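Protein chains in written order, with our numbering: chain C, 42 to 138; chain E, 42 to 138; chain B, 42 to 138; chain A, -11 to 303; chain Y, -11 to 303; chain Z, -11 to 303.
Here a beta-carbon is modelled for each residue, glycine too, at the ideal position from N, C-alpha and C.
These figures come from a predicted structure and were not determined experimentally.
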Amino acid sequence: MKRKLLTVITEQALERQLVQCIKAAGAHGYTITEARGEGQRGVRNADFDQGANIRVEVVCEANVAQQISEELHRRYFRDFAMVLYLSDVEVLRPEKF
Amino acid sequence: MKRKLLTVITEQALERQLVQCIKAAGAHGYTITEARGEGQRGVRNADFDQGANIRVEVVCEANVAQQISEELHRRYFRDFAMVLYLSDVEVLRPEKF
Amino acid sequence: MKRKLLTVITEQALERQLVQCIKAAGAHGYTITEARGEGQRGVRNADFDQGANIRVEVVCEANVAQQISEELHRRYFRDFAMVLYLSDVEVLRPEKF
Amino acid sequence: MQLDPVILFFLLGFGAGLLKAEMRLPSAVYELLTVVLLLSIGLKGGMELAETDWVRLLPQLGGVALMGVVLGLLAFALLRLSRKLPRSDAAAIAAHYGSVSVGTYAVAVAFLDTVGVPYEAYSAAFVVVLEVPAILLGIILVRGLRPDNGWNEVMREVFLGKGVVLLLGGLLIGLIVGAEGVAPLEPLFIDAFKGFLALFLLEMGLVAASQSGTIRRHGIFLLAFALVFPLLGATVGGLTAWLLSMSLGGAVLLATLGASASYIAAPAAMRLSVPEANPGLSLTAALAITFPFNVLVGVPLYYGVLNALYPATGG
Amino acid sequence: MQLDPVILFFLLGFGAGLLKAEMRLPSAVYELLTVVLLLSIGLKGGMELAETDWVRLLPQLGGVALMGVVLGLLAFALLRLSRKLPRSDAAAIAAHYGSVSVGTYAVAVAFLDTVGVPYEAYSAAFVVVLEVPAILLGIILVRGLRPDNGWNEVMREVFLGKGVVLLLGGLLIGLIVGAEGVAPLEPLFIDAFKGFLALFLLEMGLVAASQSGTIRRHGIFLLAFALVFPLLGATVGGLTAWLLSMSLGGAVLLATLGASASYIAAPAAMRLSVPEANPGLSLTAALAITFPFNVLVGVPLYYGVLNALYPATGG
Amino acid sequence: MQLDPVILFFLLGFGAGLLKAEMRLPSAVYELLTVVLLLSIGLKGGMELAETDWVRLLPQLGGVALMGVVLGLLAFALLRLSRKLPRSDAAAIAAHYGSVSVGTYAVAVAFLDTVGVPYEAYSAAFVVVLEVPAILLGIILVRGLRPDNGWNEVMREVFLGKGVVLLLGGLLIGLIVGAEGVAPLEPLFIDAFKGFLALFLLEMGLVAASQSGTIRRHGIFLLAFALVFPLLGATVGGLTAWLLSMSLGGAVLLATLGASASYIAAPAAMRLSVPEANPGLSLTAALAITFPFNVLVGVPLYYGVLNALYPATGG
Ligand SMILES: Nc1ncnc2c1ncn2[C@@H]1O[C@H](COP(=O)(O)O)[C@@H](O)[C@H]1O
Ligand SMILES: Nc1ncnc2c1ncn2[C@@H]1O[C@H](COP(=O)(O)O)[C@@H](O)[C@H]1O
Ligand SMILES: Nc1ncnc2c1ncn2[C@@H]1O[C@H](COP(=O)(O)O)[C@@H](O)[C@H]1O
Ligand code: NA
Ligand code: NA
Ligand code: NA
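Here's what the structure looks like:
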């Protein structure tokens, strides 16, 4: 079954808010890995506490992904380092997502 | 060339078995990153030894991906925290996968 | 908007060169996570300093992805553990990539 | 009642955890602390063995192993009789409570040092011997004699966990090189022991607090079991010590081991061998209820009672 | 001028960082060092409180908290008068400079130990009290009394950071168990203090060097502020110490606190509560300019000046 | 033969690794241990230099550097003469064996402390000086004078690895502040040295065991080289010590350095500068064969032989 995979890369400091936002939109889960990287807001590496990124993945229905993206965009894009992208995935147990 | 990317997110404790299963199905490699997250079986974070997840990626032919998925499904879905999904990727050196 | 997601899994030792290559090709950013895994060149785990992999993601235009792939292929495939694959992603703010 | 400062570190971590303070020791630090504590306890035991006629102790180890099995069976029987839990969950919890927690043992050691009561440091060998049998029992109670993942895998998992390996390793090294040989290692492994234990308990407090939310979910029955069974375990431990003619200090240690529940070796082994058991149940009981209980109340209680009742010369 | 060896570790890290040496302490190690230093400073302070009529000190804490607010307002006024920065950036920087850096405090403590000047170890309580007010002030200067993320969230973030929790925890534990109770923890928390501080400063040197590239980007104004404001802060700190009748050593500590800028609690809080402020500005100032300045020049300077001017008996 | 307890930790790790025990020190801990050991060895050397007319030693450094080149050339010649390996692999292995392992040096230091033989602690400077030349030689043997990644990059990689930076840093700090200045750092860096070394060797045992599976793959020739070349290297090292008029202890250290093979600096540099060389070959030889050999057999052997043959007063 088709679902969307939403990937968000952003500042560690936003983790709590991000998770709230994901749940509020109705997604049933998420996965987080520690990451570092570089983008418009410069290098963000794990060298110092503040600096690192998280990479958050959510598998969900297309409209949920849409809603999370818009919400994040509205709230955080102006002031925070953040990148997000969507792709198509196939899942075996669609009821989980 | 087209291949499938299979992503499995599951309990760290299953790593050994998962790798065996991947190899048995004929995949030529895999990549693991440490992860944490939340799903049907609750929050799983790295706070305590037992709790964390691994995120395993396998690039392989579609039928191999199918076979691994089914095998994991059969063996582990009932009792373990596990999510898996498939997507399409393009590789440069198809003979590696 | 459509973009390409290029994922490269390779030896930690190549990080500096990889980043140079990504920037030279005109990509606007990248994300790195620590990884381990197994492939043609054997098991590469984080057990010992030398051994681990990095997993690098770049969201960019198709031709940039193409160029990075070719460059990496030319320079590093013979002598280094390296896997790369491409997939399609949709981004909200195409001007960032 | 004597107040050991390391206990305050546990309370600090617990309080910070309940308040959801922005603080956590990274897992690498937790690993380091565990390794150092295990080696430290092992080395101390080994140094003592080096001055003891330790061959004489070998039969005692059998008795202590038996105690682990008895405690596991007792826990299983109680849980099954209550008719509250399926067989697999009852067996998994029994495995945790028949096995032991080295962290709790370390707290008891620190307590005895603080109150100045001597003890048999070689009891570290009893920790090793107690860790395994109840886990095997738990598996057998569900799978019979044919575990899904095969005995090879089970044995590897159970006997080659870091608890057994590092305690045993420390014991052997201490035994081989003796007190004089260990001397140059003392600044790290002996003198800094209580400092490391304090950091370890700070982290354990944080962990226990983060797990404590699950207590409510599992209901009053689990809570009651996790508070009452330690008293039973301590009694069995104290009796065993008496049968083995140990000193008062040794009896406190063995009572503490009886009262303690494994939260490292047992969860890992049961997850793979009895996966249908709910890991949340046993981990909540062992880590969020029994561990804090033993650290805060149990150890001084067992000491208080044994101090009053235990015959001065052992059994 | 006395040379403290730990300073050389900072220089080693700084040099290695500038040369882009292949070296970095993993973040888990940095965390461990921070935790140990915080607890160590707290315990030392608490032991002293245990022998002091500490209730008498409570009103002083109010005075010190006020000093934090005054420093924050002073910084904000200066930055706004210069017309170089938008309100949000000025407020964020003010929050950093009104608050304090425990790492800098630790360097001052080590310095006083080296030159053999006694000090009030309970000043650790002042560190706790100084950490928070200026951060709240910074938020209020931008958001007024209604922060976007709500006061609950802000308070949690500010009061439950590891700085406040571990310092306060250490102080309380030291106060409760006293010097005798802390004794078994000393090998790790007291004797090894300077060694841990050396490792910490090695890492801070690496970090400061990696941040130093951003100094140029932010221009001469930020550089000037980050070098001059510490002198102002030290003066205010020294005066406060005099008003509170502290010893010369205590005055050096309070001057150092006044001069220091937070690079842990303040950045985290401002990022969430005043996200439109550029975090690069304040972090560069606090970490890449003011921290090295205080460590290398400030602490000995404040001591030198106070040693010459400070009335022998306090105020 | 004297038994050093730290060796037993290596055996414990090695055994646990072979049995595939569920145990591993996290890489952050390994990093911390490496940093502490390097600084510790550097500081000890620096303190000694502070009391020595160290300018006199400068020319000796040239002699020791030459020894590194000679050992590299010797290894290369042997490997090429055997006709078993392509030029790039021979050069890479030669770079490893001409360079040195600080971990092995630390074991030799601990050994001499245990047997009570004095030594020139400033030999830490020889470790620094030996680390680099053979690596440059290895690159030149394959690339000539024009490495692919440019000399700048090569030099950065080679001279700014953590080995050189931390040893040199420790030496300089020890030299500047002298024994009295280092005193407050001693609890962590000096007293706890053997404890840290024990943990380090535990981890190295695990690593060596995990690598030992690759020995078979690379055949008997590599095994023979990795066992025989150390004897040659030790001989050259002992002779060099004699030429430099060092004491018996110093000769054991220099023999050990000659016998040891780099497993940190050399692999990193060769991977980037001579990528066509198989990194598995040299790492297996250095880490899975030569390191254990030196730790378990080599160091006591070199001591035994030198103790019998070395002229009492040096050369
Ligand atoms: N083109 C890109 N491809 C992959 N990751 C990116 C890209 N751009 C930015 N990132 C990641 O997203 C984070 C925030 O990006 P930015 O907001 O552009 O600074 C960076 O630190 C990177 O980890
Ligand atoms: N919808 C989802 N999107 C991304 N990751 C998920 C999702 N659901 C679960 N996961 C991950 O898979 C793990 C196991 O999921 P579960 O079996 O549902 O508990 C979780 O701990 C998450 O890391
Ligand atoms: N089929 C695969 N699927 C996913 N990751 C792979 C695969 N093959 C190799 N890798 C990763 O890429 C790294 C280098 O691969 P190789 O060059 O084949 O040794 C491995 O260590 C794995 O982390
Ligand atoms: Na028990
Ligand atoms: Na300040
Ligand atoms: Na050598």
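Beta carbon of residue i nearer than 9 angstroms to that of residue j
i, j, result
"Leu185/Y", "Ile161/Z", "no"
"Tyr290/Z", "Ala249/Z", "no"
"Thr74/C", "Thr48/B", "no"
"Gly149/Y", "Ala79/Y", "no"
Residue-level contact to chain Y via CB, residue i, 9 angstroms cutoff
i, result
"Gly183/A", "yes"
"Lys8/A", "yes"
Min CB distance residue i to chain A below 9 angstroms
i, result
"Ala186/Z", "yes"
"Met(-11)/Z", "Note on Met(-11)/Z: pLDDT 46, under 50, position unreliable in the model; no value is reported."
"Arg144/Y", "yes"
"Gly83/E", "yes"
"Leu(-4)/Z", "yes"
Opening and closing residue of the beta strand (DSSP E) in which residue i lies
i, result
"Arg96/B", "Asn94 to Cys101"
"Lys72/Y", "From DSSP, Lys72/Y is part of no beta strand (DSSP E); its letter is neither H nor E."
"Arg144/Y", "Note, Arg144/Y: premise wrong, no beta strand (DSSP E); alpha helix (DSSP H) at Gly138 to Phe147."
Residue range of the unbroken alpha helix (DSSP H) whose run includes residue i
i, result
"Arg205/Z", "Phe181 to Leu231"
"Gly238/A", "Leu236 to Ala247"
"Glu129/E", "The question names Glu, but residue 129/E is Asp in the sequence shown. Unbroken run through Asp129/E is the beta strand (DSSP E), Met123 to Val132; no alpha helix (DSSP H)."
"Lys64/C", "Glu56 to Ala65"
"Tyr93/A", "Val90 to Val103"
"Gly286/Y", "Gly286/Y -> no alpha helix (DSSP H), and no H or E assigned at all."
"Leu163/A", "Lys150 to Val170"
Any chain E beta carbon closer than 9 angstroms to residue i
i, result
"Gly70/C", "yes"
"Val124/C", "no"
"Gly302/A", "The predicted position of Gly302/A is uncertain, since its pLDDT is 46 and thus under 50; no value can be drawn from it."
Proximity test, Cβ basis, 9 angstroms: residue i and chain B
i, result
"Glu264/Z", "yes"
Ligand 6 heavy atom lying under 8 angstroms from the CB of residue i
i, result
"Tyr291/Y", "no"
"Leu219/Z", "no"
"Leu118/Z", "yes"
Contact test: residue i Cβ vs ligand 4 heavy atom, cutoff 8 angstroms
i, result
"Val88/A", "yes"
"Leu343/A", "Chain A is shown from -11 up to 303; residue 343/A falls before or after that span and cannot be answered."
"Gly70/C", "no"
Proximity test, Cβ basis, 9 angstroms: residue i and chain C
i, result
"Leu59/E", "no"
"Thr48/B", "no"
heavy atom of ligand 3 below 8 angstroms from residue i C-beta
i, result
"Glu98/E", "yes"
"Arg115/B", "no"
"Lys137/E", "yes"
"Thr51/B", "yes"
"Glu79/B", "yes"
"Cys62/E", "no"
Any C-beta of chain Z under 9 angstroms from that of residue i
i, result
"Ser248/A", "no"
Cβ-heavy atom distance, residue i to ligand 8, below 8 angstroms
i, result
"Gly151/A", "Summarising the ligand content, the structure contains ligand 1, ligand 2, ligand 3, ligand 4, ligand 5 and ligand 6 and does not contain ligand 8."
Residue i CB to nearest heavy atom of ligand 1 below 8 angstroms
i, result
"Val124/C", "yes"
Practice prompt. Assess, as a yes-or-no matter, whether the stretch 13 to 27 of chain A is touched by the stretch 8 to 26 of chain Z under the definition of 3 or more beta carbon pairs within less than 8 angstroms.
Written response: yes
Worksheet item: Would you call the stretch 273 to 281 of chain Y and the stretch 193 to 202 of chain Y in contact, with 3 or more CB pairs under 8 angstroms?
Response: They touch, by the three-pair rule.
Worksheet item: Three or more beta-carbon pairs under 8 angstroms between the stretch 205 to 212 of chain A and the stretch 264 to 274 of chain A, yes or no?
Response: yes
Worksheet item: Do the stretch 46 to 62 of chain Z and the stretch 114 to 123 of chain Z make contact, defined as three or more Cβ pairs closer than 8 angstroms?
Response: yes
Worksheet item: Is there contact between the stretch 76 to 88 of chain C and the stretch 63 to 74 of chain B, where contact requires at least three CB pairs shorter than 8 angstroms?
Response: yes
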